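Worksheet: the structure to be examined is printed underneath.
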Amino acid sequence: MAMIGVATTRRKIQWSFLDLLVVVYALVPVLWIVSLSFKSKETLNDGNFIPREWSIQNYVDIFQTNEFVRALFNSIGIALISTFIAVVIGTMAAYAIARLDFPGKRVLIGVSLLVAMFPQVSLVSPLFEIERALGLFDTWPGLILPYVTFGLPLAIYTLSAFFKEIPWELEKAAKMDGATPAQAFRKVIAPLAAPGVFTTAILVFILTWNDFLFAISLTSTEASRTVPAALSFFTGASQFEDPKGTISAAAVVITIPIILFVLFFQRRIVAGLTSGAVKG
Amino acid sequence: MAEIVLDKVTKRYPDGAIAASEVDINIADGEFIILVGPSGCGKSTTLNMIAGLEDITSGELRIDGARMNERAPKDRDIAMVFQSYALYPHMSVRENMAFPLRLAKVPDATVKQKVDEAAKVLDLTQHLDRKPSNLSGGQRQRVAMGRAIVRSPKAFLMDEPLSNLDAKLRVQMRTSVSKLQKQLGTTTVYVTHDQTEAMTLGDRVVVLRGGFVQQIGSPQFLYEQPANLFVAGFIGSPSMNFFPATLAENKLASSLGEIALTDRLRRVLEGGKAQRDVIVGVRPEHFEDAALLDEATKATGVTFQAQVDVLESMGSDKYAYFTVEGKQAESSELAELAVDAGASDVPESGSQVVTRLSAASAAQEGAACDIWFDPDKVLLFDPSSGANLTYTG
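Right under this line is the structure:
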């Protein structure tokens, strides 16, 4: 017994050390940015990990510039709309893929996989030309469109996996209980698929929120520029001022919606919701 | 309450496979009918066609005289209990049972009353607010039944509802299903692969094989007068013993010895003059330990000697297993039954015979024993068509 006890304690220590290493590796850059954002302009380049002088001046500054506030508004709006559209269409498509046998099903799956794998950078120049010709350049729809395109394959793949988990017999049972197909979907399938829908929503939201490539290429003014793109245009008050502090503050601010979004939906992702449906 | 008529109902899949072929069944109002057969015999497909979950390729389904082929399941007013129960996991027991009533827009007070009533009948009252995941298998099964009975449908369809329960609970639920059906008097179609369930539950049993109806009749009738080898081998546990035999000069030459034709056999065999091959079928209970019989009885039957391979004492009876030398009875139907029972993997020389002897028998494992059987109870089958030559139904 003692031997096993020693062995497990040793293993515990080993694992804790490894876990700690991974956490530190992942979090140090984030903490560095947080630290920078709280430094005053004078101590910005002193190289201290913990700021000597705490200051929220950087945060005050970014919210005073129209540039950042407007970009934040664009980011939230565009990401939410893209996520909503991708999840709604993705839910329907995934349901069809998981449940029905229709002609062209394999083609649909293949094409969506193709879209997901397509290098985005090769689409930037044609999209730029097309959107300019169509008048979509530097508008919200101009960004929502490519985001939905690249969000959909992700949504379809994640959701169809979730739909396949739901026992087919539940739907048959609903039909026998007198439900129309729409009622069966709304009252039985949708509540059970909810965790999958929320998971997908989080993934698509993160994908669109973090995009830099399309945001920088398909926008030119504050009208539709999102935060990741706007950050690169940050300058100090004068030519000689270092914008490092404000950029850090903005970077911290844009992680907050993601954290909130994840925390909000995570509560709804209840694992094993379908347990108890069948057998025992 | 309804009468269900299947009129030459056929199911053919797009790939050409036929799951049910011209199934003709008249189910009377209030009748408890069992569809039974090995897996892949088309019993579940037939049930799903009655439910409306699968389209009918040809033929007609009528409930109370009205054609149902094109009606959606929800418009047929029938309830179904699934093998997996298919309870809605996000709803409590009460909500599960109320679901069909809510869809039918029944007023709240009536819903509550009906659910409470059903819960009382099924002994679920104290579980009404629990989720299915917190229930035992038997309780889940009862919730599934409850969901079916709350709205008093025209008919119940049950797709192997007891097969996920353990053996003891299954026997218990079998009686309660039977009682419930008698109490409600609702027409019920019940699918099972278990011949014991079929024998004990149904008013009538439909035996299916490869999409074809083999025989329809009361359990006792199927047992005594099976229409063919398949039904004979499927119904009854332990199953009937089969041996090849040759009919010649008023005698059957079989591996169990010579069997003199009784009047009954002679009649059905039209005198039994022509020489032909037949398959002899004997139920285990028609054998007896010869030592327990008086001379007069013994003289009326056939006695043979064999070594007991295995002896199972059940308390009330003893099951003795013998190996009888000689060829095994061969037919496609018996082969299919053997596959279904998983027996085809067991290499055997000669044919195995199961006998049910009185508890008083002194038979010993490994020792030889004189076994007697009554030739008047013997059934004869045509080896090529499988038809029961002694069938008089």
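So the sequences go chain by chain: A and B.
If you're matching positions, the first sequence starts at 1 in full-length UniProt numbering and goes up one per residue.
If you're matching positions, the second sequence starts at 1 in full-length UniProt numbering and goes up one per residue.
Positions of the beta carbon are idealized from the N, C-alpha and C atoms, including for glycine.
The structure presented is a predicted model; accordingly, all values stated were derived computationally and were not measured.
Problem - Cβ-based burial, I56 (chain B) [other Cβ within 10 Å; buried from 16] - result: For the purposes of this step, residue 56 (chain B) is taken as the residue at position 56 of the second sequence. By the neighbour-count criterion, in which a residue is buried when 16 or more other Cβ atoms sit within 10 angstroms of its Cβ, I56 (chain B) is buried.
Problem - Cβ of E165 (chain A) within 9 Å of any chain B Cβ - result: For the purposes of this step, residue 165 (chain A) is taken as residue 165 along the first sequence, with counting starting at 1. The beta carbon of E165 (chain A) sits no closer than 9 Å to any beta carbon of chain B.
Problem - Distance CB(M97 (chain B))-CB(A119 (chain B)) smaller than 9 Å - result: Counting from 1 along the second sequence, the entry for residue 97 (chain B) is found at position 97. Counting from 1 along the second sequence, the entry for residue 119 (chain B) is found at position 119. Taking 9 Å as the Cβ cut-off, M97 (chain B) and A119 (chain B) qualify as a contacting pair.
Practice task
Measuring alpha carbon to alpha carbon, tell me which of B:A260, B:R356, B:E325 and B:V302 ends up nearest G315 (chain B).
Solution key: Working through the second sequence from its first residue, we reach residue 315 (chain B) at position 315. When each option's Cα is compared against that of G315 (chain B), the closest is B:R356.
Problem - DSSP bridge partner residues for P244 (chain B) (one or two, in chain order) - result: Counting from one through the second sequence, the residue named residue 244 (chain B) turns up at place 244. According to DSSP, which records beta bridges pairwise, P244 (chain B) is partnered with B:I279.
Problem - Limits of the unbroken beta strand (DSSP E) element including A368 (chain B) - result: Position 368 of the second sequence holds residue 368 (chain B). According to the DSSP assignment, A368 (chain B) belongs to the beta strand (DSSP E) that extends over A368 to F373.
Problem - Contacts around F234 (chain A), its chain only, beta-carbon distance under 6 Å, and the 5 residues preceding and following it disregarded - result: Looking up residue 234 (chain A) in the first sequence gives position 234. Only P243, T246 and I247 meet the Cβ criterion.
Handout entry: Per-residue burial, L124 (chain B) [other beta carbons within 10 Å of its own, 16 or more giving buried]
Key = One-based indexing of the second sequence puts residue 124 (chain B) at position 124. It is buried - the Cβ of L124 (chain B) has at least 16 other Cβ atoms within 10 Å.
Practice task
Starting from H286 (chain B), find everything on chain A with Cβ-Cβ shorter than 8 Å and list it in chain order.
Solution key: Taking the second sequence and counting its residues from 1, the one referred to as residue 286 (chain B) is at position 286. Correct list: empty, because the minimum Cβ distance to chain A is about 40 Å.
Problem - C-beta neighbour in chain A for R267 (chain B), strict 9 Å - result: By one-based count along the second sequence, residue 267 (chain B) stands at place 267. No - not a single Cβ of chain A is within 9 Å of the one on R267 (chain B).
Problem - Near-chain A residues of the stretch 175–197 of chain B (beta-carbon distance less than 8 Å), N- to C-terminal order - result: When C-beta distances to chain A are compared with 8 Å, every residue of the stretch 175–197 of chain B stays at or above that value.
Handout entry: Residue span of the beta strand (DSSP E) that contains E288 (chain B), given as start and end
Key = Taking the first residue of the second sequence as position 1, residue 288 (chain B) is located at position 288. Per DSSP, E288 (chain B) belongs to the beta strand (DSSP E) from F287 to D289.
Exercise for the section: Measure from the C-beta of H90 (chain B) to each C-beta in chain A and report whether the shortest distance is under 9 Å. Expected result: Within the second sequence, numbered from 1, the residue matching residue 90 (chain B) stands at position 90. Yes, because at least one Cβ of chain A sits closer than 9 Å to the Cβ of H90 (chain B).
Problem - Cβ shell of W54 (chain A) (< 6 Å), same chain only, five flanking positions each side left out - result: Reading the first sequence from its first residue, position 54 is the one you call residue 54 (chain A). Counting only Cβ-Cβ distances below 6 Å, and skipping sequence neighbours, we find F38.
Exercise for the section: Give the secondary structure of F185 (chain A) by DSSP, where H, G and I count as helix, E and B as strand, and everything else as coil. Expected result: In the first sequence, residue 185 (chain A) corresponds to position 185, counting from 1. Correct three-state label for F185 (chain A): helix.
Exercise for the section: Specify whether the stretch 284–291 of chain B and the stretch 363–382 of chain B touch according to this definition: at least 3 beta carbon pairs, one from each stretch, less than 8 Å apart. Expected result: A contact exists between the stretch 284–291 of chain B and the stretch 363–382 of chain B.
Problem - Rounded straight-line distance, which links the Cα of N241 (chain B) to that of T323 (chain B) - result: On the second sequence, position 323 is the one that residue 323 (chain B) refers to. On the second sequence, position 241 is the one that residue 241 (chain B) refers to. Take the alpha-carbon of T323 (chain B) and the one of N241 (chain B): they are about 11 Å apart.
Problem - C-alpha gap between T186 (chain B) and P153 (chain B), whole angstroms - result: Taking the first residue of the second sequence as position 1, residue 186 (chain B) is located at position 186. Taking the first residue of the second sequence as position 1, residue 153 (chain B) is located at position 153. For T186 (chain B) and P153 (chain B), the gap between their C-alpha atoms comes out near 8 Å.
Problem - Proximity of A98 (chain A) and Y88 (chain B) at Cβ, strictly below 9 Å - result: By one-based count along the first sequence, residue 98 (chain A) stands at place 98. By one-based count along the second sequence, residue 88 (chain B) stands at place 88. Contact flag unset, no.
Handout entry: Alpha-carbon to alpha-carbon, K164 (chain A) and A86 (chain A)
Key = Counting from 1 along the first sequence, the entry for residue 86 (chain A) is found at position 86. Counting from 1 along the first sequence, the entry for residue 164 (chain A) is found at position 164. C-alpha of A86 (chain A) to C-alpha of K164 (chain A): approximately 19 Å in a straight line.
Handout entry: Where the beta strand (DSSP E) containing V124 (chain A) begins and where it ends
Key = As a position in the first sequence, residue 124 (chain A) is number 124, starting the count at 1. That residue, V124 (chain A), is in no beta strand (DSSP E); its alpha helix (DSSP H) goes V121 to L134.
Exercise for the section: Select from A:N210, A:F264, A:T221 and A:Q266 the residue whose C-alpha is nearest the C-alpha of I254 (chain A). Expected result: The residue you call residue 254 (chain A) lines up with position 254 of the first sequence. Closest in alpha carbon position to I254 (chain A), among A:N210, A:F264, A:T221 and A:Q266, is A:N210.
Practice task
With DSSP collapsed to three states, give me the class of E95 (chain B).
Solution key: The sequence position of residue 95 (chain B) within the second sequence is 95, counting from 1. Helix.
Exercise for the section: Verify the contact flag: P29 (chain A), CB atom, against every heavy atom of the ligand COA, threshold strictly below 8 Å. Expected result: As for the ligand COA, it is missing from this structure, which has no ligand bound.
Practice task
Could you spell out where the beta strand (DSSP E) holding N228 (chain B) opens and where it closes?
Solution key: Position 228 of the second sequence holds residue 228 (chain B). Careful: N228 (chain B) lies outside any beta strand (DSSP E) and carries neither H nor E.
Problem - DSSP three-state assignment for M80 (chain B), whether helix, strand or coil - result: Along the second sequence, one-based indexing puts residue 80 (chain B) at 80. Correct three-state label for M80 (chain B): strand.
Problem - Per-residue burial, P347 (chain B) [other beta carbons within 10 Å of its own, 16 or more giving buried] - result: For the purposes of this step, residue 347 (chain B) is taken as the residue at position 347 of the second sequence. Its pLDDT being 49, under 50, P347 (chain B) is placed unreliably in this model, and the value from its coordinates should be taken loosely. Exposed: under 16 other Cβ atoms inside 10 Å.
Practice task
Could you list which residues in chain B have their beta carbon closer than 7 Å to that of P191 (chain A), in chain order?
Solution key: Taking the first sequence and counting its residues from 1, the one referred to as residue 191 (chain A) is at position 191. Within 7 Å Cβ-Cβ: H90.
Problem - Simplified DSSP state of N58 (chain A), which is helix, strand or coil - result: Within the first sequence, the letter at position 58 stands for residue 58 (chain A). Secondary structure of N58 (chain A) (DSSP, three-state): helix.
Practice task
Alpha carbon to alpha carbon, how far is V36 (chain B) from D194 (chain B)? Give it in angstroms, no decimals.
Solution key: For the purposes of this step, residue 194 (chain B) is identified with residue 194 of the second sequence, where counting begins at 1. For the purposes of this step, residue 36 (chain B) is identified with residue 36 of the second sequence, where counting begins at 1. Straight-line measurement puts the Cα of V36 (chain B) at about 7 Å from the Cα of D194 (chain B).
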